[in-house]
Amino acid sequence: MNDGVLCNDIHSKLNLTRVARILVPGSTGEVVALVRDAVATGWAVSICGARHAMGGQQFGEGTLLLDCSKLIGIGPVDRERGLVEIGAGVKWLELVEALHAQQPGAGPVWSIRQKQTGADGLTLGGSLAANAHGRGLQMRPMIDDVEAFTLVNSSGEILRCNRSQNAGLFRLAIGGYGCFGIITSICLRLAPRLKLQRLVEITTLDELMPKLDRRIGEGCLYGDFQFSIDENSPDFLHRGVLSSYRPVDSDHPMHDTRKELGKSEWERLIHLAHHDRARVFEEYSSYYLDTHGELYWSDSHQLSVYIDDYHCRLDHESCADVAASEMISELYVPRDRLVDFMSAAAKLLRGCGVPVIYGTVRLIRRDPESFLAWAREDFACVIFNLHTEHNEAGITRSAAAFLALIDEALVLGGSFFLTYHRWARRAQIEQAYPQFAEFLRLKEIHDPGRLFQSEWWRHHRNLFAET
Ligand SMILES: Cc1cc2nc3c(=O)[nH]c(=O)nc-3n(C[C@H](O)[C@H](O)[C@H](O)COP(=O)(O)OP(=O)(O)OC[C@H]3O[C@@H](n4cnc5c(N)ncnc54)[C@H](O)[C@@H]3O)c2cc1C
0 MNDGVLCNDI
10 HSKLNLTRVA
20 RILVPGSTGE
30 VVALVRDAVA
40 TGWAVSICGA
50 RHAMGGQQFG
60 EGTLLLDCSK
70 LIGIGPVDRE
80 RGLVEIGAGV
90 KWLELVEALH
100 AQQPGAGPVW
110 SIRQKQTGAD
120 GLTLGGSLAA
130 NAHGRGLQMR
140 PMIDDVEAFT
150 LVNSSGEILR
160 CNRSQNAGLF
170 RLAIGGYGCF
180 GIITSICLRL
190 APRLKLQRLV
200 EITTLDELMP
210 KLDRRIGEGC
220 LYGDFQFSID
230 ENSPDFLHRG
240 VLSSYRPVDS
250 DHPMHDTRKE
260 LGKSEWERLI
270 HLAHHDRARV
280 FEEYSSYYLD
290 THGELYWSDS
300 HQLSVYIDDY
310 HCRLDHESCA
320 DVAASEMISE
330 LYVPRDRLVD
340 FMSAAAKLLR
350 GCGVPVIYGT
360 VRLIRRDPES
370 FLAWAREDFA
380 CVIFNLHTEH
390 NEAGITRSAA
400 AFLALIDEAL
410 VLGGSFFLTY
420 HRWARRAQIE
430 QAYPQFAEFL
440 RLKEIHDPGR
450 LFQSEWWRHH
460 RNLFAET
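Quick note on numbering: the sequence shown equals residues 0 to 466 in numbering that gives the first Met the number 0.
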């Protein structure tokens, strides 16, 4: 008897799912053959990239799991138009390295505009399916960086999707969490790689938006505010490190001696974030202040260290009775309501007994294109990583905290990201995403045989069953 294969997501490890089999196609042609075979034999298919989503979007119990990680071709850079065609299984670091290797000579190097922070091992396909974003100060979500993509639909047809061809699917599949088919290849819009100077200051939340506006006015392209996580301090969610990145002339010399945090320093900071949250902020901010004025490349400064299984080591070192991990959530609020949101969040998080391990504020510009757009307007984005013990009480505590944070964001006209969990109540989803029922209806139209199924889709189909 075939018992299937147990899968889990990489970061939270809270999505244990048994799939029937894992299939790893290496080309669009192989994807087509697998889809046609699944249709003929009556299997449902789930789709994964690098397995970092935390709401069960990439796995379906009892499905064939189509793992896209071997769709890894990278075409030549079109230096006239700043475009490159890449396989959906390519990860960000591989892409940046390949772009550099292709353009060794003089002249501008075309490279990525934005990627997620905090992890590099995410695939381009997974990033599109979540319509991800980075720390650009004036950027829209990733849909804005996509010229076109190739999708294998539920009939096994190969469709090229862009803003004029299969435009409906273009809008649905970006941010559509794998519900509409398998993206096999993406034509990504690039930008000339720039030298940037990092500007660092310690500031407080009430000054943040005016300061960010000023930095944008001065030409800064990227930035974020990493706030204090010490719940016993008046600085909690209030004082933080504002880093912004301003372009400088290309002839500015880059120093090889730039101070970078290595793996062991990150491990120490993660340890402190769990055991001494006052000290971690002091150490972290002093590292950042030390790098004020340093130069970085616009692409590689977005890369980051991610330590696989760091929480297993932490649990082991602290002889924890219960395994744990960080659950992430991202809340969006109108920028002029950020201070109100953060003071409500501080009150709520101080009272709920769930430690914040890391948090940051970034900016996003409105996304007028994707169907399930999370950036309904120019929002401030607030990311919380909450320490979550893997037992019923721990998961209930984190879920309750995130639900309460969603309520606070919604009251202020905000929203939340769908990629990190599937805890939100139906009313919360409907308020943040009034088009959600229509999204589910369009999925049925494009995939009438329900070929593409995940735990995330099944959950929402049930949640919205009576519509
Ligand atoms: C530590 C960490 C940091 C993060 N930081 C950010 C951030 O800064 N900004 C941000 O926006 N997000 C961030 N995320 C969320 C992340 O961008 C998404 O969860 C993303 O979808 C993960 O990509 P993946 O390759 O791991 O995809 P998976 O988790 O494997 O899959 C995610 C979704 O994509 C679909 N999918 C994957 N490949 C394909 C394909 N080829 N065709 C169709 N559908 C596909 C899956 O079906 C699933 O619905 C972060 C997540 C973690 C864990």
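Quick reminder that beta carbons are idealized off the backbone N, C-alpha and C, glycines included. Please read these numbers as outputs of a predicted model, since none were measured by experiment.
- Secondary-structure assignment with DSSP links GLY28 through no beta bridge to anything.
- Considering only PRO107, HIS132, GLY28, the residue with the shortest C-alpha distance to ALA379 is HIS132.
- The stretch 382 to 389 makes contact with the stretch 321 to 336: 3 or more CB pairs, one atom from each, lie closer than 8 Å.
- A Cβ-Cβ contact shorter than 8 Å links ARG112 with ALA190.
- Ordered by chain, the residues meeting the criterion of a beta-carbon within less than 5 Å of a non-hydrogen atom of ligand 1 are HIS10, ILE46, CYS47, GLY48, ALA49, ARG50, HIS51, ALA52, GLN56, GLN57, CYS67, ALA87, GLN115, THR116, GLY117, ALA118, LEU121, THR122, GLY124, GLY125, ALA128, ALA129, ALA131, HIS132, TYR176, GLY177, ILE181, ILE182, THR418.
- For ILE215, the enclosing alpha helix (DSSP H) starts and ends at 204 to 216.
- Of the other Cβ atoms in all chains shown, fewer than 16 fall within 10 Å of the Cβ of ASN7; this residue is therefore exposed.
- Using a 10 angstroms sphere on the CB of LEU288, the tally of other CB atoms stays under 16, which defines it as exposed.
- Every alpha helix (DSSP H) of 4 residues or more that sits fully in the stretch 141 to 194 is shown, in chain order, as 166 to 172.
- DSSP places GLY239 in the uninterrupted beta strand (DSSP E) bounded by 238 to 247.
- The count of Cβ pairs closer than 8 Å, one atom from the stretch 69 to 77 and one from the stretch 10 to 27, reaches three, so the stretches are in contact.
- Look at CYS6 here: in three-state DSSP terms it is strand.
- Here the alpha carbons of SER243 and HIS251 stand approximately 18 Å from one another.
- In this structure, DSSP gives TRP91 a helical state, which the three-state scheme calls helix.
- Residue burial annotation: GLU156 is exposed, with fewer than 16 other C-beta atoms found within 10 angstroms of its C-beta.
- For ASP314, there is no enclosing beta strand (DSSP E); the enclosing alpha helix (DSSP H) has its first and last residue at 309 to 316.
- Under the three-state reduction of DSSP, TYR305 is assigned to coil, being neither helix nor strand.
- By the Cβ test, the stretch 451 to 461 is in contact with the stretch 172 to 179, since at least three Cβ pairs between them sit closer than 8 Å.
- The Cβ atoms of CYS186 and GLU84 lie closer than 8 Å to each other.
- Relative to the Cα of GLY86, the nearest Cα in the group HIS300, GLY124, GLY413, GLN101 belongs to GLY124.
- Look at LEU371 here: in three-state DSSP terms it is coil, with no helix or strand label.
- Between CYS47 and the set GLU79, ILE9, GLU391, the nearest pair of CA atoms involves ILE9.
- Under a 10 Å Cβ-count criterion, ARG440 is classified as exposed, with fewer than 16 other Cβ atoms of the shown protein chains found around its own Cβ.
- Residue burial is scored here from C-beta neighbours: MET341 has at least 16 other C-beta atoms within 10 angstroms and is therefore classed as buried.
- Counting C-beta pairs with one atom in each stretch, the stretch 160 to 172 and the stretch 404 to 423 have fewer than three that are closer than 8 Å, which means they do not touch.
- A distance below 8 Å between beta-carbons, with the five flanking residues on each side excluded, links SER184 to the following residues of its chain, in chain order: THR27, LEU70, GLY72, GLU84, ILE85, GLY86, ALA87, PHE148, THR149.
- Counting of Cβ neighbours within 10 angstroms places SER317 among the exposed residues, the total staying below 16.
- In chain order, LYS194, GLN196 place their CB closer than 6 Å to the CB of VAL247, counting only its own chain and leaving out the 5 sequence neighbours on each side.
- Here TYR331 is bridged, per DSSP, to CYS380, SER414.
- Taking all protein chains shown into account, HIS274 has fewer than 16 neighbouring C-beta atoms within 10 Å of its C-beta and is therefore exposed.
- The beta carbon of GLU217 lies closer than 7 Å to those of ARG245 in the same chain, with the five residues before and after it left out.
- ASN390 sits exposed, since fewer than 16 C-beta atoms from the chains shown fall within 10 Å of its C-beta.
- Residue burial is scored here from C-beta neighbours: ILE228 has at least 16 other C-beta atoms within 10 angstroms and is therefore classed as buried.
- By the criterion of a C-beta distance shorter than 8 Å, LYS210 is surrounded in its chain by GLU200, THR202, LEU241, once the five residues flanking it on both sides are discounted.
- The three-state secondary structure of GLY448, taken from DSSP, is coil.
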